[in-house]
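Here is the structure we will look at.
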Amino acid sequence: AQTVTQSQPEMSVQEAETVTLSCTYDTSESNYYLFWYKQPPSRQMILVIRQEAYKQQNATENRFSVNFQKAAKSFSLKISDSQLGDTAMYFCAFMKHSAGNKLTFGGGTRVLVKP
Amino acid sequence: SQTIHQWPATLVQPVGSPLSLECTVEGTSNPNLYWYRQAAGRGLQLLFYSVGIGQISSEVPQNLSASRPQDRQFILSSKKLLLSDSGFYLCAWSVGSGSTDTQYFGPGTRLTVL
Chain A
3 AQTVTQSQPE MSVQEAETVT LSCTYDTSES NYYLFWYKQP PSRQMILVIR QEAYKQQNAT
63 ENRFSVNFQK AAKSFSLKIS DSQLGDTAMY FCAFMKHSAG NKLTFGGGTR VLVKP
Chain B
72 SQTIHQWPAT LVQPVGSPLS LECTVEGTSN PNLYWYRQAA GRGLQLLFYS VGIGQISSEV
132 PQNLSASRPQ DRQFILSSKK LLLSDSGFYL CAWSVGSGST DTQYFGPGTR LTVL
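Here it is in structure tokens:
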């Protein structure tokens, strides 16, 4: 079974600064996907970024980028130029490439952006 | 474009009462559908998933059941609610394989069992 660990329960960052969220995972699979989801106070889960394990290039999406280290099983998220609207819970998730495409989530990191 | 709906948005039910939560997806065909539960301050736990009509896989033995009577409809049910069933229930969909594996979530239902 796969496990996903987010070791930082809460982080705060000043507006316009950069924050990095850590995520590690454990799997014996070689073909899989990794995701970061954002959950604002409305509680709807919003996809932030995804990474295919077979791609060495780190995914980027505007102010969001990841550092994917496959050998270390690490998948960190960097939020650049933080905005007040980035305040939310952030969840790292793992999905192996198979029928059903089930997501395994980490426990989440609460990010507070301060003005 | 695809949209996913869940209702009700909020529900307060007494212990021992039945439950029916509904999820529907628009704008796609033959989606994979998922039910997750999120306890307060915790991550999401997969409860059920379905790859087609009438095909349900259960991830966690519990007091709940799921059904998929139509291609784009997914229902979460219980005959008798327990206090431990309280939580935030999220439905999600995905379609295809490879680069289209991403799951997209509905707005969720907040269930309180008293």
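Just so you know, the sequences run in chain order A and B. Position 56 (the first sequence) corresponds to 58 in this note's numbering; numbering is contiguous. Position 1 (the second sequence) corresponds to 72 in this note's numbering; numbering is contiguous. Glycine residues also receive a C-beta, built at the ideal position from the N, C-alpha and C atoms. What you are looking at is a predicted structure, and each value in this text was computed from that prediction instead of being measured.
Residues near residue i by beta carbon distance below 6 angstroms, same chain, minus five either side
i: Arg-112(A); result: Glu-12 and Met-91
i: Asn-103(B); result: Val-122 and Ser-165
i: His-76(B); result: Thr-95
Assigned secondary structure, residue i (DSSP; H/G/I helix, E/B strand, else coil)
i: Ser-170(B); result: Legend: pLDDT at Ser-170(B) = 48, less than 50; position of this residue unreliable, value from coordinates given subsequently. In the structure shown, Ser-170(B) sits in a helix (DSSP, three-state: H, G or I).
i: Ser-129(B); result: strand
i: Gly-87(A); result: helix
i: Leu-114(A); result: strand
i: Leu-154(B); result: helix
i: Glu-63(A); result: strand
i: Glu-12(A); result: strand
Contacting residues, own chain, Cβ-Cβ under 8 angstroms from residue i (five flanking each side not counted)
i: Asn-103(A); result: Met-97
i: Ala-53(A); result: As written in the sequence, residue 53(A) is Gln, which differs from the Ala given in the question. Cβ within range, chain order: Tyr-35, Leu-36, Phe-37, Asn-60, Ala-61, Val-68, Phe-70 and Phe-77.
Residue environment, residue i, which counts as buried when at least 16 other CB atoms sit within 10 Å
i: Lys-116(A); result: exposed
i: Leu-135(B); result: buried
i: Lys-151(B); result: exposed
i: Thr-81(B); result: exposed
i: Leu-2(A); result: Only positions 3 to 117 of chain A appear in the structure, and residue 2(A) is not among them; the question remains open.
i: Ile-51(A); result: buried
i: Tyr-56(A); result: exposed
In DSSP terms, what residue i is bridged to
i: Arg-108(B); result: Gln-116(B) and Tyr-160(B)
i: Arg-181(B); result: Thr-81(B) and Phe-159(B)
i: Gly-123(B); result: Gln-126(B)
Under 7 angstroms from the C-beta of residue i: neighbouring residues of chain E
i: Tyr-35(A); result: Absence of chain E from the displayed structure is noted, the protein chains being A and B.
Cutoff 7 angstroms; reference residue i; Cβ partners in own chain excluding five residues on either side
i: Ile-81(A); result: Thr-20, Val-21, Arg-65, Phe-66 and Asp-88
May I ask you to list, following chain order, the residues of the stretch 101–125 of chain B that have a beta carbon less than 7 angstroms from some beta carbon of chain A? Asn-103, Arg-113, Gly-114, Leu-115, Leu-117, Tyr-120 and Val-122
Near-chain B residues of the stretch 43–65 of chain A - C-beta to any C-beta below 8 angstroms: Ser-44, Arg-45, Gln-46, Met-47, Ile-48, Leu-49, Arg-52 and Glu-54
Can you give me, in chain order, the residues of the stretch 84–97 of chain A that have a beta carbon less than 7 angstroms from any beta carbon in chain B? Phe-93 and Met-97
Near-chain B residues of the stretch 100–115 of chain A - C-beta to any C-beta below 7 angstroms: Ala-101, Gly-102, Asn-103, Lys-104, Leu-105, Phe-107, Gly-108, Gly-109 and Gly-110
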